[in-house]
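Only one structure is covered here, and it is reproduced in the block below.
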Amino acid sequence: MSLLLAASLLGSTLAASAAWGAENQNVVLSLKQGSPSADINGAAAPIVKPVIKQGHLMVPLGVFSKAFGSQVTLEGTTRVTLLQGPHRLVMTIGSSTAWIDGRKIVLPVEPQMISDTLMVPLRAVAQGLGAKVGVDSKGRVSITMKVQDKQPSEEEGGFSGESVNQPTRIGNSYYGWSIDYPSGMMVNSYAGDESSVEFVDATGRYYMELYVSDAPEEQEPKALLAQLLRNAEDAGDLVVHREIVSRGSYPYARIFSRDSDEFIWETRMYYDNGRVYELYFADRDAVHYRDMSAFGGLLNSFQPVFPEGSAKAKVKDLSSVEEGLRMLNEPDYGITVGIPADWMYYDEYYYGKEGEGGFLMDVHSAPEGQQGDLKQWVQQLESYYADTFVPDAYELEKAVPISISGQEGQMVKVRYVDRGRWYTEYSFLIQHEGYRYELTYRVDDESTLAADMWEAVLASMIIDYDVVPGEFGNLGTPAYLQNSSAMVKRSSKAYAYTVSLPENWSSSRDWFESGNVEYELPGGTFEIDSVKNTARSTVLKHLQAYYNDKTSSSFGESEAKGLGVRNITLAGVPAVSFELHFPGKTFGHTERYLVFERDGIVHTVTIQLEDANATATQLQTLERVLQSVR
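In structure tokens form, the structure reads like this:
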């Protein structure tokens with residue numbers, strides 16, 4: 000097996016030099032299922048025919064070396080490693096488990112030998128190496144990768160993937176740092192937002208890591224040293240030497256420490272241009288901190304800047320940021336898109352930054368019949384805004400046509416108020432083969448992001464429309480497209496009540512036997528809190544005190560305006576309603592508390608609703624929910 004595999008790898012990479020050319024070029028590989036010919040930057044190249052396995056396109060591993068010069072190595076009889084720039088992908092034949100830059104993933108199909116050729120899942124491997132995957136004008140799958148300083152060695156037939164003119168330094172142009180290329184070390188892991196990178200050597204003796212973080216205020220070396228000492232104390236490390244180094248252009252703080260495994264560490268911290276850089280280096284065999292001086296040349300080469308001009312060509316750039324956008328791959332949906340470089344992962348398929356905005360990806364099934372076309376989808380979205388926002392709280396523009404990866408769609412632009420702040424939202428809508436792709440880019444109007452960045456985000460989008468049909472069945476319908484009048488009855492046996500709630504409300508806590516449930520509606524919340532062994536008068540006393548505190552003007556202007564405390568009927572029994580309004584910079588919000596007792600159990604219904612979302616539709620829905628309580 001190993002000799003056969005090695006031969007298949009070598010045989011498919013010998014022609015690699017034909018695909019490589021000038022520095023800093025985009026290499027585009029195009030191929031198609033069942034075709035024995037691929038296209039590499041316009042030149043035809045023979046390959047083993049790609050095949051479909053379990054709904055995924057499998058390609059010969061060697062195409063990555065042939066097109067991009069990826070370094071392929073075989074360890075033992077089944078373990079294969081690909082190196083491409085800063086990326087390291089490790090796979091095992093017959094196993095779906097793989098590692099990308101030190102991060103464990105699950106491949107959709109395991110690498111396998113087919114007709115004496117090692118075949119791998121195209122999309123997962125390509126994206127693991129930092130490539131963009133899309134569809135070209137001829138309907139072929141296209142893989143695009145930026146290649147830098149990568150002319151293969153003729154002596155090695157292109158197998159090694161090393162360059163003749165190897166860069167002398169490595170760094171990140173977005174985060175602004177560079178260091179001499181650490182000989183014998185490779186990138187082991189790389190943060191998705193590029194803020195950290197880890198280097199290791201093949202023996203495991205040496206380890207180097209760099210962290211970059213924002214620092215709005217200037218940090219003097221004394222403050223940096225104090226932070227290093229706190230970090231060491233928190234980690235339980237013993238500091239054996241500390242100092243501030245002022246020589247050179249970039250002063251820094253430095254400590255040497257010994258960790259619980261008896262490893263010696265040198266840690267440095269720099270400040271420059273609004274960022275803090277933390278550099279860590281460890282030598283497993285070092286006995287005394289002075290032994291670390293052997294690596295002073297490497298560590299002293301660090302600079303919190305990325306060179307410009309001709310010097311830039313000598314630095315291997317780890318950053319994928321272009322024009323302020325960092326490419327994001329979502330293999331589940333076959334989506335590649337550029338988002339603002341410093342936006343972070345927040346939740347499933349959602350990325351953003353507080354005070355700036357966010358980007359959300361969603362794919363769902365299109366309804367059948369007349370409600371299932373793109374035009375109806377746009378109309379439903381427009382109706383949702385009208386039902387959700389009062390007229391003064393949103394501005395909706397007419398939908399305009401767009402195109403993503405050859406598929407026509409629509410863009411809906413709306414400006415609206417969310418929790419008192421104005422946002423501009425761009426919804427990119429694509430419908431294809433029964434599935435709807437909704438990519439939403441939202442920007443805080445008070446942020447410094449360019450108003451036209453949405454155009455760059457749209458231009459960066461690539462969708463492989465074969466992925467979702469091959470992976471998913473019915474994906475359902477998002478809440479905002481569901482019938483707002485449709486209700487579902489819920490009940491609590493332990494607390495003896497029932498209530499009917501809209502199907503399009505989302506639950507924050509929905510265990511009805513716990514005594515507390517909470518649901519979210521557009522711009523508000525609905526909560527029921529039930530308690531036993533507590534007098535109704537006690538609950539009313541606490542709420543009255545809260546009401547009085549918020550409406551009191553004893554120490555100046557009151558925080559809220561009291562809208563009244565009234566006796567009402569709820570769930571067929573007497574109840575008390577407390578209602579307050581809290582003003583805001585643009586729009587305020589209303590809070591309402593309704594208390595009733597039945598069978599020795601005291602229930603408090605709490606409703607909070609933003610003024611911007613207090614539409615007739617929303618108010619009528621809330622009233623129907625209250626009337627349903629039994």
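Residue numbering for the sequence shown follows numbering that gives the first Met the number 0, beginning at 0 and increasing consecutively.
Beta carbons are placed, not taken as given, at the ideal position from N, Cα and C, and that holds for glycine.
Name the two residues that bound the continuous beta strand (DSSP E) containing residue i.
| i | result |
| --- | --- |
| residue 212 | 205–213 |
| residue 325 | 324–329 |
| residue 544 | Counting along the chain, residue 544 falls outside any beta strand (DSSP E), though it belongs to the alpha helix (DSSP H) covering 535–550. |
| residue 622 | From DSSP, residue 622 is part of no beta strand (DSSP E) but of the alpha helix (DSSP H) over 615–627. |
| residue 519 | 515–520 |
| residue 358 | 356–364 |
| residue 176 | 176–179 |
| residue 255 | 251–257 |
| residue 266 | 263–271 |
In chain order, what residues of the same chain lie with their CB nearer than 7 Å to the CB of residue i, ignoring the 5 residues before and after it?
| i | result |
| --- | --- |
| residue 588 | 581, 607, 608, 609, 610 |
| residue 231 | 238, 254, 256 |
| residue 111 | 92, 93, 118 |
| residue 551 | 557 |
| residue 615 | none |
| residue 214 | 270, 273, 274, 275 |
| residue 288 | 239, 240, 255, 263 |
| residue 392 | 415, 416, 586, 611 |
| residue 285 | 263, 291 |
| residue 244 | 250, 251, 253 |
Given residue i, which residues of its chain have a CB within under 8 Å of its CB, disregarding the five upstream and five downstream residues?
| i | result |
| --- | --- |
| residue 495 | 597, 598, 600 |
| residue 51 | 32, 57 |
| residue 584 | 419 |
For residue i and residue j, what's the separation of their Cα atoms in angstroms?
| i | j | result |
| --- | --- | --- |
| residue 234 | residue 170 | 28 Å |
| residue 547 | residue 556 | 13 Å |
| residue 603 | residue 129 | 53 Å |
| residue 413 | residue 421 | 10 Å |
| residue 529 | residue 624 | 17 Å |
| residue 520 | residue 504 | 5 Å |
| residue 590 | residue 617 | 15 Å |
| residue 134 | residue 65 | 20 Å |
| residue 62 | residue 389 | 56 Å |
| residue 498 | residue 605 | 14 Å |
| residue 40 | residue 138 | 16 Å |
| residue 103 | residue 534 | 54 Å |
| residue 486 | residue 343 | 36 Å |
| residue 436 | residue 167 | 44 Å |
| residue 172 | residue 127 | 21 Å |
| residue 338 | residue 27 | 22 Å |
| residue 99 | residue 445 | 37 Å |
| residue 83 | residue 199 | 16 Å |
| residue 203 | residue 283 | 8 Å |
Closest to residue i by CA distance: which of the options is it?
| i | options | result |
| --- | --- | --- |
| residue 423 | 450, 404, 434, 282 | 450 |
| residue 220 | 592, 241, 358, 202 | 241 |
| residue 174 | 324, 349, 394, 396 | 324 |
| residue 180 | 461, 298, 404 | 298 |
| residue 108 | 563, 122, 352 | 122 |
| residue 265 | 271, 252, 275, 259 | 252 |
| residue 86 | 229, 316, 524, 279 | 316 |
| residue 190 | 200, 48, 212 | 212 |
| residue 403 | 43, 385, 333 | 333 |
| residue 431 | 258, 89, 58, 406 | 406 |
| residue 302 | 228, 193, 248 | 248 |
| residue 425 | 381, 95, 468, 539 | 381 |
| residue 320 | 194, 105, 300, 347 | 194 |
Between residue i and the rest of its own chain, which residues show a CB-CB distance below 6 Å, the 5 nearest in sequence each way excluded?
| i | result |
| --- | --- |
| residue 558 | 549 |
| residue 277 | 210, 268 |
| residue 34 | none |
| residue 408 | 401, 428, 429 |
| residue 526 | 517, 605 |
| residue 398 | 377, 409, 411 |
| residue 385 | none |
| residue 208 | 197, 279 |
| residue 154 | Residue confidence is low: residue 154 scores 33 on pLDDT, short of 50, so the model does not pin down where it sits. Its coordinate-derived value is still stated next. Closer than 6 Å at Cβ, skipping near neighbours: no residue. |
| residue 1 | Note that residue 1 has pLDDT 40, beneath the 50 cutoff, so the model's placement of it is unreliable and the number below is only indicative. Correct list, in chain order: 76. |
I need the boundaries of the alpha helix (DSSP H) containing residue i, first residue and last residue.
| i | result |
| --- | --- |
| residue 220 | 220–234 |
| residue 528 | Unbroken run through residue 528 is the beta strand (DSSP E), 523–531; no alpha helix (DSSP H). |
| residue 386 | 373–387 |
Quick one: does residue i have its CB under 8 Å from some CB of chain B?
| i | result |
| --- | --- |
| residue 628 | The structure shown contains no chain B; it is built from a single protein chain. |
- Item | Those runs of the alpha helix (DSSP H) which lie wholly inside the segment 53–121 and span at least 4 residues | 61–67
- Item | Uninterrupted alpha helix (DSSP H) stretches inside the segment 399–472 (no shorter than 4 residues) | Whole alpha helix (DSSP H) segments, 4+ residues: 452–459, 466–470.
- Which whole runs of the alpha helix (DSSP H) in the segment 280–329 are 4 residues long or more, in chain order? 295–299
- Message: Which complete beta strand (DSSP E) runs does the segment 549–615 hold, if anything under 3 residues is left out?
- Response: Residue ranges of uninterrupted beta strand (DSSP E) with 3 or more members, entirely inside the segment 549–615 and ordered along the chain, are 560–569, 572–581, 588–597, 600–609.
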